[in-house]
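K.L.:
The sequence shown runs 30 to 88 under our numbering. Just so you know, even glycine gets a beta-carbon here, dropped at the ideal spot from N, CA and C. Keep in mind it's a predicted model, so treat the numbers as computed, not measured.
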Amino acid sequence: TQGHWGRVREPKDVEALFDGMDILEPGLVEVSTWRPDTEVAPRQLTDEWIEYGGLGRLR
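1) Judging by CA-CA distance, which residue of G49, D51, L57 is the nearest neighbour of E80?
2) From R38 to D66, what distance separates their C-alpha atoms?
3) In angstroms with no decimal places, state the Cα-to-Cα distance between W78 and P55.
4) Between G82, R86, L87, which has its C-alpha nearest K41's C-alpha?
5) Give me the Cβ distance between L53 and L84, rounded to the nearest whole Å; I'm assuming they're in contact under 8 Å.
The structure is reproduced here in structure tokens:
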């Protein structure tokens with residue numbers, strides 16, 4: 030990987046990875062907000078860097 034650990038994608042590109050699945054709640058969100066009921070505060074969002082995540086169920 031030579032220092033590259035990921036790939037930059039737009040939200041629509043990440044959502045396309047869920048093709049054939051139903052995206053479960055809370056949907057495609059910034060990963061630090063995934064479990065808003067925890068005591069860990071979400072990090073400050075910027076336009077520079079956002080990590081998206083989601084959970085899908087096969088149809």
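P.N.:
On the basis of the supplied data:
1) L57
2) 27 Å
3) 20 Å
4) G82
5) Indeed, because the Cβ distance is near 5 Å, the residues count as touching under 8 Å.
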